[in-house]
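The opening residue of the sequence shown carries number 1 in our numbering; numbering runs sequentially from there. We put the beta carbon where it would ideally sit given N, CA and C, even for glycine. Read the structure below first, then the notes.
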Amino acid sequence: MNDDFRTLFDLSPVAVYTIDAAGMVKQFNQHAARLWGRSPNPGDTDEMFCGSHRMFRPDGTFMAHRDCPMATVVHGDIPEARDAEVIIEREDGSRITVIVNIRPLKDAGGSIVGAINCFYDITERKLLEVKARQQSEDLIDLHRRKDEFLADHRHPVAPAQAARRRPDGCLAHHARRPCRCNFM
1 MNDDFRTLFD LSPVAVYTID AAGMVKQFNQ HAARLWGRSP NPGDTDEMFC GSHRMFRPDG
61 TFMAHRDCPM ATVVHGDIPE ARDAEVIIER EDGSRITVIV NIRPLKDAGG SIVGAINCFY
121 DITERKLLEV KARQQSEDLI DLHRRKDEFL ADHRHPVAPA QAARRRPDGC LAHHARRPCR
181 CNFM
């Protein structure tokens, strides 16, 4: 890697790493190591396609390294991966959700010689989405329960009389004398 590219690689505000055509991690920046929770050994054949400990699909199902988006791009199964969501599990068991953008690296003849992956953490955004969805469901449930409560507790007083009701529950014509109504 030439010096200019290495500087760009290291200064990038997102995680970046490359693999060769066989899938071995060749280079990575500090952001990638931070998101993986570790620094892989470049060229280690036991660490193929990604530096993460384990990966999962957005639905939570396990994803083998050989099936990850980086592997499918370098094998030519897909031309690239744009904004694909992957859950990374670190060695300590913590998980983060990332968006990956992967492009193949090709030689002058057009053959795939590796791939580059730029990815970033969206864990906080995903947590906020879950919270917003839960709050929306809670509001819908609250509205439904309010309607059920009102339907179950209709007062026998006609609507016109209900409009004249005092805050204490008595009708307005009792306003000049103490209320003797027994609502209990």
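Checklist entry - Which residues mark the beginning and the end of the alpha helix (DSSP H) in which P104 is found? => result One-based indexing of the sequence shown puts residue 104 at position 104. P104 -> not in any alpha helix (DSSP H); beta strand (DSSP E) instead, spanning 95 to 106.
Item to check | C-beta atoms of T123 and T97 nearer than 7 Å | outcome: Against the sequence shown, residue 123 aligns to sequence position 123. Against the sequence shown, residue 97 aligns to sequence position 97. In contact: T123 and T97 (Cβ atoms closer than 7 Å).
Next on the checklist: Starting from E129, trace the alpha helix (DSSP H) in both directions and tell me its first and last residue.
Outcome noted: The sequence position of residue 129 within the sequence shown is 129, counting from 1. Boundaries of the alpha helix (DSSP H) around E129: 123 to 152.
Checklist entry - Are there 16 or more other CB atoms within 10 angstroms of the CB of G110, so buried, or fewer, so exposed? => result Taking the first residue of the sequence shown as position 1, residue 110 is located at position 110. Exposed, because fewer than 16 other Cβ atoms sit within 10 Å of the Cβ of G110.
Checklist entry - Ordered along the chain, which non-local residues of its own chain (more than five positions away) have a Cβ less than 6 Å from that of D20? => result As a first step, residue 20 is located in the sequence shown; it is residue number 20 there, counting from the start. Apart from the 5 residues on each side of it in sequence, D20 sits with its Cβ closer than 6 Å to the Cβ of K26, G114 in its chain, given in chain order.
Item to check | Residue nearest to S39 in terms of C-alpha spacing, selected from V14, H65, R90 | outcome: Looking up residue 39 in the sequence shown gives position 39. Relative to S39, the option among V14, H65, R90 whose CA is nearest is R90.
Item to check | A158 in three-state terms, based on DSSP | outcome: As a first step, residue 158 is located in the sequence shown; it is residue number 158 there, counting from the start. Low local confidence applies: a pLDDT of 49 at A158 is under 50, so the model's placement there is unreliable, and no value is given.
Next on the checklist: Would you say D46 lies against chain B (beta-carbon separation less than 7 Å)?
Outcome noted: Of the protein chains in the structure, only one exists, and it is not chain B.
Checklist entry - For V14, which three-state DSSP category applies? => result Translated into the one-based positions of the sequence shown, residue 14 becomes position 14. V14: coil per DSSP, three-state reduction.
Next on the checklist: What residue range does the alpha helix (DSSP H) around R34 cover?
Outcome noted: What you label residue 34 is simply residue 34 of the sequence shown in a count that begins at 1. It spans 30 to 36 - the alpha helix (DSSP H) in which R34 sits, taken as one unbroken run.
Item to check | Segment contact flag, the region 42 to 50 with the region 63 to 80, C-beta cutoff 8 Å, min 3 pairs | outcome: Verdict: yes, contact present.
Checklist entry - According to the neighbour-count rule (16 or more other Cβ atoms, all chains shown, within 10 Å of its Cβ), is P79 buried or exposed? => result The residue you call residue 79 lines up with position 79 of the sequence shown. Exposed, since its Cβ has fewer than 16 Cβ neighbours within 10 Å.
Checklist entry - Taking N101 as the reference, which of N2, V16, F9, D3 has the closest Cα? => result By one-based count along the sequence shown, residue 101 stands at place 101. Ranking the options by Cα distance to N101, first place goes to V16.
Next on the checklist: Using 7 Å as the threshold, is the C-beta distance between L105 and I88 below it?
Outcome noted: Taking the sequence shown and counting its residues from 1, one reaches residue 105 at position 105. Taking the sequence shown and counting its residues from 1, one reaches residue 88 at position 88. No, the Cβ-Cβ distance between L105 and I88 is not below 7 Å.
Checklist entry - What first and last residue would you give for the beta strand (DSSP E) that runs through M48? => result Start at 1 with the first residue of the sequence shown, and residue 48 comes out as number 48. Segment: none, M48 is in no beta strand (DSSP E) and carries neither H nor E.
Next on the checklist: Quick check: what's the CA-CA separation for R34 versus V86?
Outcome noted: Position 34 of the sequence shown holds residue 34. Position 86 of the sequence shown holds residue 86. For R34 and V86, the distance between alpha carbons rounds to 16 Å.
Checklist entry - Should F149 be labelled buried (16 or more other beta-carbon atoms within 10 Å of its own) or exposed? => result Here the question's residue 149 lines up with position 149 in the sequence shown. So F149 ends up on the exposed side.
Item to check | Backbone secondary structure at D77 - three-state DSSP | outcome: One-based indexing of the sequence shown puts residue 77 at position 77. Per DSSP, reduced to three states, the secondary structure at D77 is coil, with no helix or strand assignment.
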